[in-house]
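Before any comments, here is the structure.
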Amino acid sequence: MGQGNKQTAMKRIIIDPRPDWQDKIKQQGFVFYKGYYNESAVYEFSAAEVDRIEAATTELFEKCLAVVQHVIDNDLWDEFFIDRKYADLIKWSWENDNPAFYGRFDLAMNEDCTDIKLLEFNADTPTSLLEASVVQWYWLQEYNKGLDQFNSIHEKLVSHIKLCRDYLYGDLSLWFACARNSDEDFMTIKYLQDCADQAGVKNYFLYMNEIGVQDSYLNTPFVTPEGYPIHNIFKLYPYEWLFREEFGSQLVSKRDLTLWIEPAYKVILSNKMLLVYLHKLFPGHPNILPAYFNNPGNLGGNYVKKPVYGREGWNVEVVKNNETQERNNGEYGEEGFVYQQLFDIPRFDGNIPVIGSWLIGGISAGMGIKETTGLIHGNMSKFCPHYFRQG
Amino acid sequence: MKKSSSIVLGSLFVIAAASCGQNKKEPEWTSGNDAQGRTHDTSFNGSRYRYYNNGWYPVYHGLICPGFYSRPYYYGEISRPGFVAPMPPSVAAGGAGVKTGGFGSSAHSSGGAGE
């Protein structure tokens, strides 16, 4: 790892937080900031660096879509640990090009962003949205309005949801759902509902466990507990969970009655096996790290071991020179592990930043930076605002 | 363009932020009377609607539930053939035979589902 600040364009700058920053960000809906948000430091980029991040994001998304096509063409359901009873649903959602709102690449980079690598793709249930889209933008308005920020997430979300309206089923209303007990998920959903409002899409909220089925009627969409039909629903809830739960098979039988956003093919993109197949299909690609399933291959004892289905850094292990540097325990890993080549991200004031690069409707739309003093980015990482300088 | 030019958050989002962490509250019901204590109703497709706060709300048992809807409906919406407004949660008339709980169980041991 690099040590301290480097004299390059990308910098971490210590700043004074706004005196009333807690009240301000809470008013912006950022209620889950404690121990997570850090506006006592800001990352500065050059315009050229931002251009490189944007280009890498576009390039990587194209390659990821090629993997989806490859999985479908070659029926690689077992390789991705996807129950074959969902294969037709996934193919249908792909061939039909069902509406997808968003995704976030986690990218590693060297000091001047001339070397950018994909760490993973949070394609199905990304969070960190509100702080990237809204909170850091409002921060910049107070810090220095003259500076720029790689962030048009909000506008792109509103305009993309407006576009998606033409593809909605039935009454054209859109329900939003998330699991209970997570303020972050709840506020992410509420923010997306606000974007839907601004896009002119009628929308409602319910929790995942409130989604119902009417057993007496086979040809009915999913319903609310009161029996009102849900023609369209955005869920902040991963497909690998939906598929194994009681109503999972009804995703298939009701596919023409209830439209689910994100679409089912996202289960391929959010799966860590994506990393293995990106490397398999595009070996030597400048943005793709070598990755293997269930063995470290020729990674020379320098790798990050990640569960096929994992979340927020759980069950991740960082190995350098054949020695474990850091490991998070958790409940994931029953499907096996992906071994991805270790990439040394430079430290800035002792912190390792990772770029969360957002795609809205498949278009690169902005970024948020999370940093950690450890090697594994999980739910202990801290979000820092950023800006970039022109020229 | 890389930079947002303007971000305005809606009032419902701000309310959601203020209430985050509290239990989801049932929206309140009202008669929808105007200042003179009168109501103004109309019917389409077998459903009754009441004019309130510059728009129309479905009437159930003589009351309306504005808090359930993100905004009132326009006349052009309620008069559209086949239009059906969703029912607020406490109107369970259509809920017979609904089974819930088939999704959401995986989150219990894992907290949130986002990443």
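Chains A and B, in that order, give the protein sequences. 63 is the number of the first residue of the first sequence in this note's numbering; add one for each residue after it. 657 is the number of the first residue of the second sequence in this note's numbering; add one for each residue after it. Ideal Cβ positions, reconstructed from N, Cα and C, are used throughout, including at glycine.
For glutamine 276 of chain A, the uninterrupted beta strand (DSSP E) segment begins and ends at 274-276. Straight-line measurement puts the Cα of isoleucine 734 of chain B at about 42 angstroms from the Cα of phenylalanine 212 of chain A. Between glutamate 393 of chain A and valine 370 of chain A the beta-carbon gap is near 13 angstroms, outside 8 angstroms, which marks them as no contact. Contact of valine 715 of chain B with chain A is not assigned, every C-beta pair being separated by 9 angstroms or more.
Looking at the DSSP output, cysteine 240 of chain A bridges to A:Tyr269, A:Leu298. Under the rule that a run must span 3 or more residues, the beta strand (DSSP E) segments found entirely inside the stretch 318-389 of chain A read 321-323, 353-355, 365-369, 379-382, 385-389. Put simply, the stretch 130-143 of chain A does not touch the stretch 303-317 of chain A. Fewer than three CB pairs are less than 8 angstroms apart.
Take the alpha-carbon of serine 662 of chain B and the one of lysine 755 of chain B: they are about 43 angstroms apart. Excluding five sequence positions before and after glutamate 302 of chain A, the CB atoms of its chain that fall closer than 7 angstroms to its own CB belong to Val329, Tyr371, given in chain order. Non-local beta-carbon contacts of tyrosine 327 of chain A in its own chain, meaning distances under 7 angstroms to residues more than five positions away in sequence, involve Val130, Ile152, Ser155, Trp156 in chain order. Counting other Cβ atoms within 10 Å of its Cβ, alanine 117 of chain A stays below 16 and is therefore classed as exposed.
For lysine 252 of chain A, the uninterrupted alpha helix (DSSP H) run begins and ends at 245-260, by DSSP.
Proline 283 of chain A and isoleucine 178 of chain A have their C-alpha atoms some 44 angstroms from each other.
By alpha-carbon distance to alanine 763 of chain B, the top candidate from A:Tyr253, A:Pro300, A:Met442, A:Lys316 is A:Pro300.
Across the structure, asparagine 384 of chain A and leucine 298 of chain A are spaced so that their CA atoms are roughly 37 angstroms apart. Under the Cβ distance rule, serine 661 of chain B counts among the residues neighbouring chain A, one pair being separated by less than 9 angstroms. Among the residues facing chain B, serine 244 of chain A is included, as its CB has a counterpart in that chain under 9 angstroms away. The three-state reading of DSSP puts aspartate 85 of chain A in helix, counting H, G and I together. DSSP places leucine 180 of chain A within a strand segment (E or B) once states are collapsed to three.
Using a Cβ-Cβ cut-off of 8 angstroms, valine 196 of chain A is close to Ile663, Leu665 of chain B, given in chain order.
Distance from the CA atom of serine 660 of chain B to the CA atom of lysine 382 of chain A, rounded to whole angstroms, is 40 angstroms.
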